[in-house]
Amino acid sequence: MILVSEATGPAAWVGYFINGDADGLEPEELAAADAWLQRHAPARPVSTVDDSERFSWSYNVHGGTAQGGTVCDYVLHAAADELPVIFRAERSGDHVGEVTAVFPTLPNDRHGREFTTYAHIGQHSGGSFGWYRATRPATHEEFAPLLRELRGIYERSMAPGDPVYSLKVCQRITAAHRRACVDAARASGSAAA
Numbered sequence: 001m002i003l004v005s006e007a008t009g010p011a012a013w014v015g016y017f018i019n020g021d022a023d024g025l026e027p028e029e030l031a032a033a034d035a036w037l038q039r040h041a042p043a044r045p046v047s048t049v050d051d052s053e054r055f056s057w058s059y060n061v062h063g064g065t066a067q068g069g070t071v072c073d074y075v076l077h078a079a080a081d082e083l084p085v086i087f088r089a090e091r092s093g094d095h096v097g098e099v100t101a102v103f104p105t106l107p108n109d110r111h112g113r114e115f116t117t118y119a120h121i122g123q124h125s126g127g128s129f130g131w132y133r134a135t136r137p138a139t140h141e142e143f144a145p146l147l148r149e150l151r152g153i154y155e156r157s158m159a160p161g162d163p164v165y166s167l168k169v170c171q172r173i174t175a176a177h178r179r180a181c182v183d184a185a186r187a188s189g190s191a192a193a
């Protein structure tokens, strides 16, 4: 998720911000909540914060008072682009059972014939379809630690301008993934005609 806005406000507004529920809010409280939204998320009034807009609120309630109620830290996020990831484990050899993440839509060569991979040792590399076929699907228990590591890398910005992705775990490489990989290689301007 991409951080759009972060601020503190009354906890009584949680329902209003999360799902538009104004029950229990007096008209002046509703006006104050709308004014708060305009200050902290001017491009996203509550009526447009929904799944179709790919925005979401998160909040953390903590002690204290603000306008007579408990205080919340509100965070407005914009959903990031989804990035497919597939987890494969080595079938045999010296590295049997080692898990590698496969990013089937991120090219690792100028033609899109290889895809980007990532292993626990902290290395991005490339994988071929021959290597992919020689591995097996990793179980959830096997890939969970690597998925946590990748979320720390891809689902937050490390520096201004860094892309942020929402990882989508997939079971296998699809034809759409292959097309996206080739298209991305061509779009980078490095693919040969």
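Residues in the sequence shown are numbered consecutively from 1, following the working numbering.
Every residue, glycine too, gets a C-beta built ideally from N, C-alpha and C.
All of these numbers come straight from a predicted model, not from anything done at the bench.
Check	Outcome
First through last residue of the alpha helix (DSSP H) which encompasses residue 183	175–187
Short Cβ contact (9 Å threshold) for residue 98 with residue 120	yes
Endpoints, the alpha helix (DSSP H) within which residue 142 is located	140–154
Residue 34 in three-state terms, based on DSSP	helix
DSSP three-state assignment for residue 119, whether helix, strand or coil	strand
Straight-line Cα distance separating residue 112 from residue 178	8 Å
Closest residue to residue 138 among 166, 171, 149, 129 (Cα-Cα distance)	171
Buried or exposed (CB count within 10 angstroms, at least 16 for buried), residue 127	buried
Paired residues, beta bridge with residue 127 - DSSP	115
Residue 36 versus residue 155: straight-line alpha-carbon distance, rounded	27 Å
As assigned by DSSP and simplified to three states, the class of residue 104	strand
Integer Cβ distance of residue 136 from residue 101, believed to fall under 8 Å	14 Å between Cβ atoms; not a contact.
Nearest residue (CA-CA) to residue 104, options 166, 176, 153, 29	176
Beta-carbon separation (whole angstroms), residue 132 vs residue 81, contact threshold 8 Å	Not a contact, Cβ separation roughly 23 Å.
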